[in-house]
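Take a look at the structure below.
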Amino acid sequence: MTNFQAMMVEETGNKEVEKCIRTLTLDDLPEGDVLVKVHYSSVNFKDGMASMANGNIVNEYPMVPGIDLAGVVEDSSDSRFSNGDKVIVTSYELGVSHYGGFAEYARVPAEWVVALPEGLDLKEAMIYGTAGFTAGLSVIRLEEEGITPESGTVLVTGATGGVGSMAVAMLAQLGYNVAASTGKSSEHNYLKELGAKEIHSREDVQPEKIRPLDKQRWAGVVDPVGGETLAYALSTLSYGGAAAVSGLTGGTKIPATVFPFILRGVNLVGIDSVYCPMDRRKQVWNRLASDLKVENLLETIASEISLEELPETLEQILQAQVRGRKIVRL
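When you read off a place in the sequence shown, starting at 1, and then add 983, the result is the number in my numbering.
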């Protein structure tokens, strides 16, 4: 019987959640078509929420969190995958209601599995993970809305986080003039290294008073923050601009009006990486392996941690103390 290590979240008697390293066997894994030996996972804000009491992410305890994984197929009952295939699995129910990527093995439905595209290795795939996938999908959707490098400046909010860091680097690589906003004054050099041409404070994009329409500043916005930051971004989008919205770290309510939509024709574009259709999913991963691939990812954006370091990192990501991407080496 194969024994392996996993980080689990378990509910204690007082409704608190405990994070612990456990030894599991393959029989402990849920049903699925494809057994993957996991090489890498990554840490996302959603994983942090899955590890906390009242996070409203995990459906049932105990659970192995981790909404991302990359590894090698060890067994498959589905003809699309064979032993030795390198694969990626992100989102769906992974790490939420189905044991996820924070384990040395995972068994998943074949419908969730993407073959590793040529141009990426397993570590690079997890430096992207859901955050990079979300950033890539956001960039693609802005392109589809007609936002080009010639359109003007693109604002990226929450720019030192996983989605924000990746979006800054991808947009800069494509030739866009990128304005990055952050609440961390110590990270300006980091954002410039990623390719940002302008740095704005959190207060600059979240003023005390948000006007229904303000001065036109941005051709497009990549926003993983939401809340008042999104409201201000909408009020300052240029005519025909678009905001690709993927997150809620700044809140779920948007104190906005209809004026940006009916007077400037701006577009609010929703970004869903969880149930994104497979054809679109493959398109995004192929772009991440080609023209959206950011060079020197590990050196600039990511750092590796072990399974034993994971509980502390999950605490840190909830406190906005993680810059860029944390990759879990299994």
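Note that beta-carbon positions come from the ideal geometry of N, C-alpha and C, so glycine has one too. Predicted, not measured: the structure shown is a model, and the values here were computed from it.
Handout entry: Residues near residue 1254 in its chain [Cβ-Cβ closer than 8 Å; skip 5 each side]
Key = 1117, 1120, 1121, 1124, 1227, 1228 and 1229
Handout entry: C-alpha gap between residue 991 and residue 1288, whole angstroms
Key = 16 Å
Practice task
Would you tell me roughly how many angstroms separate the C-alpha atoms of residue 1051 and residue 1310, rounded to the nearest one?
Solution key: 10 Å
Exercise for the section: Enumerate in chain order the residues of its own chain whose CB-to-CB distance from residue 1001 is below 6 Å, with the five nearest sequence positions on each side excluded. Expected result: 993 and 995
Problem - Nearest residue (CA-CA) to residue 986, options 1144, 1186 and 1009 - result: 1009
Problem - Residue range of the unbroken beta strand (DSSP E) whose run includes residue 1267 - result: No beta strand (DSSP E) holds residue 1267; the alpha helix (DSSP H) holding it covers 1261 to 1271.
Practice task
Spatial neighbours of residue 1072 within its chain, please: CB distance less than 6 Å, with the 5 preceding and 5 following residues excluded, ordered by chain position.
Solution key: Excluding sequence neighbours, residue 1072 sits near 1052, 1091, 1095 and 1096.
Handout entry: Opposing strand residues paired with residue 1164 [DSSP bridges]
Key = 1183
Handout entry: DSSP three-state assignment for residue 1134, whether helix, strand or coil
Key = helix
Exercise for the section: Starting from residue 1298, follow the alpha helix (DSSP H) in both directions and report where the run begins and ends. Expected result: Its alpha helix (DSSP H) spans residues 1293 to 1301.
Practice task
Using beta-carbon positions only, say whether residue 1300 and residue 1152 come within less than 8 Å of one another.
Solution key: Contact: no.
Exercise for the section: To the nearest angstrom, report how far apart residue 1303 and residue 1171 are at their CA atoms. Expected result: Taking the straight line joining both Cα atoms gives about 16 Å.
Practice task
Take the Cβ of residue 1023 as the centre, count every other Cβ of all protein chains shown within 10 Å, and call the residue buried at 16 or more, exposed below.
Solution key: Classification for residue 1023: buried.
Practice task
Would you identify the three-state DSSP class for residue 1222, choosing helix, strand or coil?
Solution key: strand
Handout entry: Cα-Cα separation between residue 1030 and residue 1132, rounded to whole angstroms
Key = 34 Å
Practice task
Return the residue from the list 1160, 1093 and 1209 that minimises the CA-CA distance to residue 1252.
Solution key: Of the candidates 1160, 1093 and 1209, the one whose C-alpha sits nearest the C-alpha of residue 1252 is 1209.
Practice task
Give a yes or no on contact between the stretch 1129 to 1147 and the stretch 1198 to 1215, applying the rule of three or more CB pairs nearer than 8 Å.
Solution key: Inter-segment contact for the stretch 1129 to 1147 and the stretch 1198 to 1215 is present: three or more beta-carbon pairs are separated by less than 8 Å.
Problem - Test item: CB-CB of residue 1200 and residue 1219 under 8 Å - result: yes
Exercise for the section: Please name the residue or residues paired with residue 991 in a DSSP beta bridge. Expected result: 1003, per the DSSP bridge assignment.
Problem - 8 Å Cβ cutoff met for residue 1239 and residue 1128 - result: Taking 8 Å as the Cβ cut-off, residue 1239 and residue 1128 do not qualify as a contacting pair.
Handout entry: Which residues DSSP lists as bridging residue 1030, in chain order
Key = In DSSP, residue 1030 forms no bridge with anything.
Exercise for the section: Report the three-state DSSP secondary structure of residue 1042 (helix, strand or coil). Expected result: coil
Handout entry: Cβ distance (whole Å) where residue 1075 is taken to contact residue 1257 below 8 Å
Key = 7 Å
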